[in-house]
Amino acid sequence: MIAPAGAALDDAALGQALTLLARLNTDPVAAGSAEELLAALRAEHPGLRLRLLRHREAYGDTVQFGLLVSGPRGGTVTLSWAPPSEVPWMLRGAQRSAESMLLRVNGEALDIQHAMAYLDVMWEQTALLDRLVDVCLVQQELAESPVTLTDGELQDAMDAFRRARGLLTPAATAAWMARRHLDHAALEEMVAREAAVAALRTRVTVDRVDSWCAAHRSTCDRLRIARVRFADRAAAERFVAAFAERRRTCGTTADAFGAALTAVAPSRPLGAELMERTVADLDLGLGSGLADAVAPGALLPPRAVGTEWEVVQVLSRAAASESDLLEQASRRLFDEWLADRRRTARIEWFWGEAEKTPR
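The sequence shown begins at 1 in my numbering and counts up one residue at a time.
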């Protein structure tokens with residue numbers, strides 16, 4: 001086998017990869033240990049990124065493996081091998097009509113395209129779309145650089161998963177699984193996936209956590225806030241003006257907040273609630289004045305959130321605990337890592353109008 005010019009892939013590496021594929025596609029025992037065999041090949045060629053592909057053929061329920069091999073200079077070689085009795089890789093994947101179906105309720109089917117049409121508002125609210133892209137990016141990274149978890153780590157992950165959801169008894173766990181139509185194997189797979197993502201997050205952020213904490217400690221402070229939502233900016237600004245006026249005459253900022261709400265009642269606020277947030281969650285963009293701006297009692301300037309406008313009053317502020325600070329650092333650094341990859345990823349959406357789906 002001759003490696004492409006400039007690919008930095010030697011013929012020996014490609015030959016070994018092809019030999020591995022032939023073994024996986026003919027030996028069921030080897031197929032059951034595919035990840036372990038691939039790990040050995042990775043160890044022998046640490047400069048290569050190897051990603052194993054699996055395709056299950058609907059007709060006949062057979063599985064075939066392919067392999068993507070990327071060199072340090074970029075570029076990817078796609079390898080496949082099929083025995084005479086199997087459908088070649090390029091011809092696999094004949095689609096059944098049900099494969100485009102997302103859901104069926106009482107016999108009524110909903111395909112992916114129509115479901116996404118109902119959720120078309122997501123094109124303006126991209127957070128969920130970004131998360132779907134992130135799932136693919138994480139899957140790619142874990143396929144190319146797997147995380148190995150011990151039985152003890154998986155059990156710890158299962159225990160933490162149940163505690164976080166209040167599933168403290170077998171009956172509560174069974175009821176939770178039944179509502180989501182999960183069997184025990186599916187639950188174990190879900191927990192293993194979550195644990196692998198957590199391990200990946202640690203792997204890609206551990207070198208930067210300390211420096212991030214030193215630079216962003218104050219933005220991790222916990223705030224208790226009162227938030228009022230309005231349909232437009234003008235209504236939000238009327239509330240701010242009413243608050244300033246009432247504050248001059250009321251004894252406390254809490255009284256001023258309530259009086260201002262009463263004053264703008266004809267504007268029909270969309271809602272008011274108490275909640276907890278971090279300083280960074282408010283995304284104020286106030287620079288060096290941030291600490292003073294979010295002091296207890298302060299009323300923050302109106303800001304747009306989606307199609308609404310909100311005004312926030314800070315009720316209290318407390319420094320984050322060390323464990324909370326480390327958790328926030330890890331999550332935000334991981335979000336940055338994912339955002340960097342989204343910017344350079346080739347993304348294709350397979351629903352809706354063709355000119356709308358590429359990103």
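Using N, Cα and C, we set each Cβ at its ideal position, and we do this for glycine too.
These numbers were taken from a predicted model, which means no experiment stands behind them.
CA-to-CA distance, L223 to A12, given in whole angstroms: Walking along the sequence shown from the start, residue 12 turns up at place 12. Walking along the sequence shown from the start, residue 223 turns up at place 223. In a straight line, the C-alpha of A12 is about 59 Å away from that of L223.
Cα-Cα, which of R332, D335, V228 and R248 is closest to Q313? Reading the sequence shown from its first residue, position 313 is the one you call residue 313. Ranking R332, D335, V228 and R248 by Cα distance to Q313 puts V228 first.
R49 versus L187: straight-line alpha-carbon distance, rounded: One-based indexing of the sequence shown puts residue 49 at position 49. One-based indexing of the sequence shown puts residue 187 at position 187. Roughly 30 Å between the two C-alpha positions.
Can you list the beta strand (DSSP E) stretches of 3 or more residues lying completely in the stretch 113-189, in chain order? none
Report the residue ranges of all alpha helix (DSSP H) runs contained in full by the stretch 30-85; include only those spanning at least 4 residues, in chain order. 34-44
When DSSP labels each residue in this structure, what does R346 get in the three-state scheme? If you number the sequence shown from 1, residue 346 lands on position 346. Three-state DSSP puts R346 in coil, outside helix and strand.
First through last residue of the alpha helix (DSSP H) which encompasses A234: Taking the first residue of the sequence shown as 1, we reach residue 234 at position 234. From DSSP, the alpha helix (DSSP H) with A234 extends over R233 to T249.
Thinking F243 and E308 are a contact (beta carbons under 8 Å), I'd like their distance in whole angstroms, please. Numbered from 1 along the sequence shown, position 243 holds the residue referred to as residue 243. Numbered from 1 along the sequence shown, position 308 holds the residue referred to as residue 308. Rounded, the Cβ-Cβ distance is 18 Å, inconsistent with contact.
Assign M158 to buried or exposed, taking buried as 16 or more other Cβ atoms, counted over all protein chains shown, within 10 Å of its Cβ. In the sequence shown, counting from the first residue as 1, residue 158 sits at position 158. By the 10 Å Cβ count, M158 comes out buried.
As assigned by DSSP and simplified to three states, the class of A226: Your numbering for residue 226 matches position 226 in the sequence shown. Strand, per DSSP.
L333 beta carbon less than 7 Å from that of R441: Outside the displayed range of the chain (1 to 359) lies residue 441, so it cannot be described from this structure.
What span of residues does the alpha helix (DSSP H) with S211 cover, start to end? Position 211 of the sequence shown holds residue 211. That run of the alpha helix (DSSP H) goes V209 to H216.
How would you write the range of the alpha helix (DSSP H) that L24 sits in, first residue to last? To locate residue 24, count along the sequence shown from 1; it is residue 24. Taken as a continuous stretch (DSSP letters only), the alpha helix (DSSP H) holding L24 covers D11 to L24.
To the nearest angstrom, how far is the alpha carbon of P300 from that of A256? Mapped onto the sequence shown, residue 300 falls at position 300. Mapped onto the sequence shown, residue 256 falls at position 256. First, the amino acid is wrong: residue 300 is Leu here, not Pro. Using only the alpha carbons, I get a separation of about 14 Å.
Per-residue DSSP class, three states only, for T307: Here residue 307 is taken as the residue at index 307 of the sequence shown, counted from 1. Reduced to three states, the DSSP call for T307 is coil.
Per DSSP, R277 is paired with what? Residue 277 sits at position 277 when you count from the first residue of the sequence shown. Its beta-bridge partners are L223.
For S316, is the classification buried or exposed, using 16 other Cβ atoms within 10 angstroms of its Cβ as the cut-off for buried? Looking up residue 316 in the sequence shown gives position 316. Exposed.
How long is the line joining the alpha carbons of T262 and P269, rounded to whole angstroms? Locating residue 262 in the sequence shown gives position 262, counting from the first residue. Locating residue 269 in the sequence shown gives position 269, counting from the first residue. Near 10 Å, if we compare the C-alpha coordinates of P269 and T262.
Closest by C-alpha distance to L274, when choosing among F239, V311, T202 and T249: For the purposes of this step, residue 274 is taken as the residue at position 274 of the sequence shown. When only C-alpha atoms are compared, the closest one is V311.
Using alpha carbons as the reference points, say which of G66, A226 and A260 lies closest to E276. Locating residue 276 in the sequence shown gives position 276, where the first residue counts as 1. Ranking G66, A226 and A260 by Cα distance to E276 puts A226 first.
Where does D111 sit, in a helix, a strand or coil, going by DSSP? Sequence index remark: in the sequence shown, residue 111 carries index 111 (1-based). It is a strand residue.
According to DSSP, is G287 helix, strand or coil? Taking the sequence shown and counting its residues from 1, the one referred to as residue 287 is at position 287. Confidence at G287 is low in this model, with a pLDDT of 47, below 50, so the placement of that residue should be treated as unreliable; the coordinate-derived value is given next. Here G287 sits in helix by DSSP.
For R268, name the three-state secondary structure that DSSP assigns. Position 268 of the sequence shown, counted from the first residue, corresponds to residue 268. R268: coil per DSSP, three-state reduction.
Between L170 and A198, what straight-line distance do the alpha-carbon atoms span, to the nearest angstrom? Locating residue 170 in the sequence shown gives position 170, counting from the first residue. Locating residue 198 in the sequence shown gives position 198, counting from the first residue. In the sequence under discussion, the amino acid at residue 170 is Pro, which differs from the Leu named in the question. C-alpha separation (whole angstroms): 25 Å.
Beta-carbon proximity list for D130, same chain, < 7 Å, skipping 5 on both sides: As a working mapping, residue 130 is identified with position 130 in the sequence shown. Contacts found: R342.
According to the neighbour-count rule (16 or more other Cβ atoms, all chains shown, within 10 Å of its Cβ), is Q155 buried or exposed? As a first step, residue 155 must be located in the sequence shown, where it is residue number 155. Q155 should be labelled exposed.
By a C-beta neighbour count over all protein chains shown, 10 Å radius and 16 as the cutoff for buried, is P302 buried or exposed? Sequence index remark: in the sequence shown, residue 302 carries index 302 (1-based). Buried, by the Cβ-count rule.
Where DSSP assigns a beta bridge to L299, which residues make up the other side? For the purposes of this step, residue 299 is taken as the residue at position 299 of the sequence shown. In DSSP, L299 forms a bridge with Q313.
Under 7 Å between the Cβ atoms of S330 and R203? Looking up residue 330 in the sequence shown gives position 330. Looking up residue 203 in the sequence shown gives position 203. No, the Cβ-Cβ distance between S330 and R203 is not below 7 Å.
Under a three-way DSSP split, which group does A339 fall into? Start at 1 with the first residue of the sequence shown, and residue 339 comes out as number 339. A339: helix per DSSP, three-state reduction.
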